[in-house]
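Enquirer:
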Amino acid sequence: MAYSSRIVDGELDVLLAGLPAISMEGPKAVGKTETALRRAGTVHRLDDPEQLQIAQAAPDRLVGGEPPVLIDEWQRLPTSWDLVRRAVDAGSGPASFLLTGSMAPREAPVHSGAGRIVTVRMRPMSLAERWPETPAVSLARLLKGRARPPVEGATERTLADYADEIVRSGFPAIRQLSGRLLRAQLDGYLDRIVERDFAESGHRVRERGGLRRWLTAYAAASSTTATFETIRDAASAGTGDRPAKTTTLPFRATLEHLWMIEEVPAWTPVRSRLRRLASSPVHQLADPALAARLLGVDVDALIEGASAGPAMPRDGTLLGALFESLVTLSVRVYAQAAKARVYHLRTRAGEREVDLIVERGDGRVLALEVKLAATVRDEDLRHLHWLADRIGGELLDAVVITTGREAYRREDGIAVVPAALLGP
């Protein structure tokens, strides 16, 4: 399979030009190894039992060879992290080491690596990486903070295209498949998490059916701030066997260590006068395709609005929730390239909320609303106008992300951008 260029490639090249060690982290099958292999001079694959055995017997071999030295799945031998750290302390030059990992190790390294090893997050492919057309609207440009830039461009992408991308996934090798083969690969991916990855991360699951039900309930809560009590209740629907809180709390923690859950944290502004903001995160799996597969929905079911999985309080349809997941994934990829962070905003009573807040290092923000619609009504913009009134010049720009065909800026200054046209 030909290598698909990733937005993180540019970030890696810049960092490797000046730093000795980079650790790439993210879920399995996201493309970390393939991206790292394009730069590596020496490769140690610690998911290979023979190479792992050699490394255990002679660990110093891991830091020798032509640089960059790639230590793939380093968490299988946690001491490899400390070996790299010590090599950096001893004077290793730029682009000496690349580490990749798909889970946190059972035994933490002796040292955090702060100041020696820089971590780069790699996520499933964004829409800009999946589709060949060049995005017309740059998130980085919207974040610049000068006069709001003009917004224009057109796309032929339809609602069906977005639904297809939700179920196809952003995992490079898996998304090439279709039909039964695609479903089988995603099922196998989820089975591996339940059957093997939990145990390999140091957490034993006595009742795997309970974990699967909790995962399904969590998938049904995508793009909501449902409480974990609500998710726990939904996981027991129809079984009469409510899992204990002490059972489900490790589920969440372990899935975060596997980079399978990446919740959107609540925005807690320092510079603005906003008060009474909620602190609950918005629930998101690493890829909306995993949520769709857990819930057993395909493109037709999503478009028809068929319900699936545990009942979960949410505004709108499941397609709307998973479209927001897809946009959130893409915005996170673009924001990382722009050295910005992604949050959400919701007041405690829930009367005001903004789907995504992209914050620059200086605290100024870009506000994004996600709408599963081709057109935008004035009613859809009320929260963006409210935020603009509250924080004034701290708001760099305001955007509505849609499933429409054209990008433009309204007379009130708010940009309307189809998801396919937004890029880094």
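In this note's numbering, the protein residues as written are 891 to 1314. Note that CB positions come from ideal geometry on N, CA and C, so glycine has one too.
Put Ser-894 into one of helix, strand or coil per three-state DSSP.
Expert: Walking along the sequence shown from the start, residue 894 turns up at place 4. Correct three-state label for Ser-894: coil.
Enquirer: Tell me whether Ser-1169 sits in a helix, a strand or coil according to DSSP, three-state version.
Expert: Reading the sequence shown from its first residue, position 279 is the one you call residue 1169. Looking at Ser-1169 - three-state DSSP - the assignment turns out to be coil, as it is neither helix nor strand.
Enquirer: Which same chain residues end up closer than 6 Å to Val-933 when comparing Cβ atoms and leaving out the 5 residues on each side of it in sequence?
Expert: Taking the sequence shown and counting its residues from 1, the one referred to as residue 933 is at position 43. Leu-960.
Enquirer: Give the range of the alpha helix (DSSP H) segment to which Gly-1099 is assigned.
Expert: Residue 1099 sits at position 209 when you count from the first residue of the sequence shown. 1098 to 1110 is the span of the alpha helix (DSSP H), which, as asked, contains Gly-1099.
Enquirer: Any idea what DSSP makes of His-1273, helix, strand or coil?
Expert: If you number the sequence shown from 1, residue 1273 lands on position 383. Helix, per DSSP.
Enquirer: In chain order, what residues of the same chain have a beta carbon less than 7 Å from the beta carbon of Leu-909, not counting five sequence neighbours either side?
Expert: For the purposes of this step, residue 909 is taken as the residue at position 19 of the sequence shown. So the list reads Pro-984 and Val-1008, once near-sequence residues are dropped.
Enquirer: Roughly how many angstroms separate the alpha carbons of Ser-913 and Ala-907, rounded to a whole number?
Expert: Translated into the one-based positions of the sequence shown, residue 913 becomes position 23. Translated into the one-based positions of the sequence shown, residue 907 becomes position 17. If you take the alpha carbons of Ser-913 and Ala-907, they lie about 15 Å apart.
Enquirer: Pro-1155 by DSSP, collapsed to three states: which one?
Expert: Here residue 1155 refers to the residue found at position 265 when the sequence shown is read from its first residue. Three-state result, Pro-1155: coil.
Enquirer: Please confirm if the stretch 1287 to 1296 is in contact with the stretch 1043 to 1052, defined as three or more CB-CB distances below 8 Å between the two stretches.
Expert: Result yes; three or more Cβ-Cβ pairs closer than 8 Å.
Enquirer: Whose CA, out of Leu-1101, Arg-1231 and Thr-1137, lies closest to the CA of Glu-1152?
Expert: Residue numbering aside, residue 1152 sits at position 262 when the sequence shown is read from its first letter. Nearest C-alpha to Glu-1152: Arg-1231.
Enquirer: Counting pairs of Cβ atoms below 8 Å between the stretch 1012 to 1032 and the stretch 1224 to 1239, do you hit three or more?
Expert: Segments in contact, yes.
Enquirer: DSSP has Thr-1009 in a bridge; who is on the other side?
Expert: One-based indexing of the sequence shown puts residue 1009 at position 119. DSSP, once it has assigned bridges, lists Ser-913 as partnering Thr-1009.
Enquirer: On a CA-only basis, which of Thr-1158, Leu-988, Arg-1299 and Gln-1066 is nearest Leu-905? Give me that one, please.
Expert: Taking the first residue of the sequence shown as position 1, residue 905 is located at position 15. Checking every option, the nearest Cα to that of Leu-905 belongs to Leu-988.
Enquirer: Report the rounded CA-to-CA distance for Pro-1033 versus Gly-1251, giving the unit in angstroms.
Expert: Locating residue 1033 in the sequence shown gives position 143, where the first residue counts as 1. Locating residue 1251 in the sequence shown gives position 361, where the first residue counts as 1. First, the amino acid is wrong: residue 1033 is Leu here, not Pro. The straight-line gap from Cα to Cα measures roughly 11 Å.
Enquirer: May I have the straight-line CA-CA distance separating Ala-1111 from Asp-962, to the nearest angstrom?
Expert: By one-based count along the sequence shown, residue 1111 stands at place 221. By one-based count along the sequence shown, residue 962 stands at place 72. Computed Cα separation, rounded: 33 Å.
Enquirer: With distances taken from CA atoms, which of Ala-945, Glu-956, Ala-1264 and Met-993 is nearest Leu-973?
Expert: Counting from one through the sequence shown, the residue named residue 973 turns up at place 83. The shortest C-alpha separation from Leu-973 is found at Ala-945.
Enquirer: Please list, in chain order, all residues of the same chain as Ile-1083 whose beta carbon is under 7 Å from its beta carbon, the five residues on each side excluded.
Expert: In the sequence shown, residue 1083 corresponds to position 193, counting from 1. Excluding sequence neighbours, Ile-1083 sits near Leu-1148 and Met-1150.
Enquirer: From this set, Ala-1044, Gly-1069, Val-1255 and Pro-1200, which residue's C-alpha is nearest Ala-1264's C-alpha?
Expert: Position 374 of the sequence shown, counting from 1, holds the residue named residue 1264. Per the Cα distances, Ala-1044.
Enquirer: Is it true that the stretch 1134 to 1146 meets the stretch 1184 to 1198, where meeting means three or more beta-carbon pairs spaced less than 8 Å apart?
Expert: Not touching, per the Cβ criterion.
Enquirer: In three-state terms, what does DSSP make of Ser-1091?
Expert: Mapped onto the sequence shown, residue 1091 falls at position 201. Coil.
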